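**Student:** The structure is given below, and queries will be raised subsequently.
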Amino acid sequence: MTITRTNHVILAVAASILSVISLTARAAPDDRFLAGYAAAVLETRFGLPSRDLQVENGKLRLHSADLQGQDTGEVLASLRAIEGLEVELVGRPTEAGSVSSSAKPAPLPRATLLETTGWLPRAALFDPLIADPRWPRFSATLQFYQGDEDLGTVGAPNFGAAIPLYGWRGLGIDWQAGLHAGVFSIFDLNADSSDLINSDFFVGLPISARYGPLSAQVRVFHQSSHLGDEFVLRPLRPNRINLSYEGADLRLSVKPWNWLRLYAGGGAIFDAEPDLDAWMVQGGFEITSPDPIYSNLLYPIVALDVQSFEESDWGVNYSARAGVEFRSGWLATRRLQLVMEYFNGRSPNGQFYDRDIEYFGPGLHFYF
């Protein structure tokens, strides 16, 4: 019965969001809004400088020199998918792929600083890792555990965000300082009262940088984990672990094409209680379709995140997600995704860090 109620809640939330997005996307936006949305498309999907885009009466004049070797047809198709925007290409298009592989990516011109610098910039330099189970986000997922001794059907609401606080330009590179914060919880939906099982509290201070298709992020962070009271009071009382630690990590990311992102990195923890081995490595990829499957609103996505920890003798954790991303003028640079998830490896839930788990299920994720 609890599973049915949870499914109904998730479906209702998804339907409400889809309805709001569809209605908003139909509204006729003004020129300033269209210019901002077009700039976000050029920045986030193609890694292109947006320059001072001018839209008059719904028409954008785009100079071919700004495309920097990108596929002209692909860029124009993405811009023309914006509701209410007409695009006129000025100048002779350059051939896609004509830029040699040895050519360095062009630094972003000063006009793009409006998007990524100053206080609370609108665009983040380092995109979220969408398959990383511990990337800060707002989300609600339904997880069906396989062969676990305590859990069967789990609800996992997460509350958090990765927020750029201040951006600047130096050494020909764009930089941002930000804040990562999140609460990651799991509830046992098979229990009569949908017991809270575990909550992890995470806060981090990242520094991000971007140069053309390359981006990087270094971060220091703290995490602490707590068992839910209902779980502690169960007859078979679990061992409570006062897990907490500080850490630092570094990730590098590249987008060789606008639809593919590759990343890799690693990190270490310190001041851990109980004592834990320090090191970890991480890598993954994300594929985002440049073409919609429904009314310029739904875009297929696939992502895989792989992590390995010294504490688990370098066993591999796999986190995979596949589904659709919603795009509209209302969302702009924010990301809303409805995906199916799969995880296999050591539990990311702090109190159960030494337990191997496997689960799958649907999830709705929102990134600022």
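Residue numbering for the sequence shown follows this note's numbering, starting at 4 and increasing by one per position.
No residue lacks a Cβ here, since even glycine has one placed at the ideal position from N, Cα and C.
Note that the coordinates shown come from a computational prediction; the quantities given were computed from them, not determined experimentally.
1. What's the gap between the Cα of residue 290 and the Cα of residue 328?
2. Determine the DSSP secondary structure at residue 106, reduced to helix, strand or coil.
3. Following the continuous alpha helix (DSSP H) through residue 159, name the residue where it begins and the one where it ends.
4. For residue 323, which residues in the same chain have their Cβ closer than 6 Å to its Cβ, ignoring the five residues on either side in sequence?
5. Taking the alpha-carbon positions, what's the residue 246 to residue 350 distance?
6. Can you find at least 3 beta carbon pairs, one from the stretch 208 to 225 and one from the stretch 121 to 129, that sit closer than 8 Å?
7. Taking only the alpha-carbon atoms, compute the straight-line gap between residue 354 and residue 360 and give it to the nearest angstrom.
8. Between the Cα of residue 253 and those of 224, 228, 230, spot the shortest distance and give me the residue it belongs to.
9. Looking at C-alpha atoms only, which residue of 38, 251, 46 is the closest neighbour of residue 262?
10. Assuming residue 314 is part of the beta strand (DSSP E), what are its boundary residues?
11. Would you tell me roughly how many angstroms separate the C-alpha atoms of residue 365 and residue 85, rounded to the nearest one?
12. Distance check for residue 207 and residue 310, CA to CA, integer angstroms please.
13. In whole angstroms, what separates the C-alpha of residue 153 from that of residue 269?
14. By the 10 Å Cβ neighbour count, where 16 or more other Cβ atoms means buried, how is residue 352 classified, buried or exposed?
15. Would you tell me roughly how many angstroms separate the C-alpha atoms of residue 338 and residue 155, rounded to the nearest one?
16. Classify residue 60: buried if its beta carbon has 16 or more other beta carbons within 10 angstroms, exposed otherwise.
17. Buried or exposed for residue 65, going by 16 or more other Cβ atoms inside 10 Å?
18. Quick one, which of 56, 190, 177 has its alpha-carbon nearest residue 144's?
19. Grab me the residues of residue 99's own chain with a C-beta within less than 7 Å of its C-beta, minus the 5 sequence neighbours each way, in chain order.
20. Considering only the alpha carbon of each residue, which of 248, 49, 44, 133 lies closest to residue 286?
21. What is the residue span of the alpha helix (DSSP H) that residue 76 lies within?
22. Is the distance from the Cβ of residue 197 to the Cβ of residue 367 below 8 Å?
23. From the DSSP output, read off the bridge partner residues of residue 181.
24. Going by beta carbon distance, what residues of the same chain come within less than 7 Å of residue 90, once the five residues before and after it are set aside?
25. How would you call residue 283, buried or exposed, if buried means at least 16 neighbouring beta carbons within 10 angstroms?
26. What does residue 213 pair with, by DSSP beta-bridge criteria?
27. Rounded to a whole number of angstroms, what is the C-alpha to C-alpha distance between residue 313 and residue 271?
28. Hey, residue 335 and residue 43: beta-carbon distance below 8 Å or not?
**Tutor:** Taking the coordinates as given:
1. 11 Å
2. For residue 106, the pLDDT reaches just 39, beneath the cut-off of 50, and the residue's location in the model is therefore unreliable, although a value from the coordinates is still provided. Residue 106 falls in the coil class under three-state DSSP.
3. Per DSSP, residue 159 lies in no alpha helix (DSSP H) segment; the continuous beta strand (DSSP E) that holds it begins and ends at 156 to 173.
4. 307, 345
5. Each residue's alpha carbon lies about 13 Å from the other.
6. yes
7. Near 13 Å, if we compare the C-alpha coordinates of residue 360 and residue 354.
8. 224
9. 46
10. From DSSP, residue 314 is part of no beta strand (DSSP E); its letter is neither H nor E.
11. 28 Å
12. 19 Å
13. 31 Å
14. buried
15. Taking the straight line from one Cα to the other gives about 30 Å.
16. exposed
17. buried
18. 190
19. Unreliable positioning characterises residue 99 in this predicted model, as indicated by a pLDDT of 42, which lies under 50. The coordinate reading is nonetheless provided below. For residue 99, where only same-chain residues beyond five positions count, the Cβ hits under 7 Å are 72, 73, 74, 75.
20. Relative to residue 286, the option among 248, 49, 44, 133 whose CA is nearest is 133.
21. 75 to 83
22. no
23. Residue 181 is bridged to 167.
24. 63, 65, 79, 82, 83
25. buried
26. 177, 218
27. Distance between the alpha carbons of residue 313 and residue 271: 10 Å.
28. In contact: residue 335 and residue 43 (Cβ atoms closer than 8 Å).
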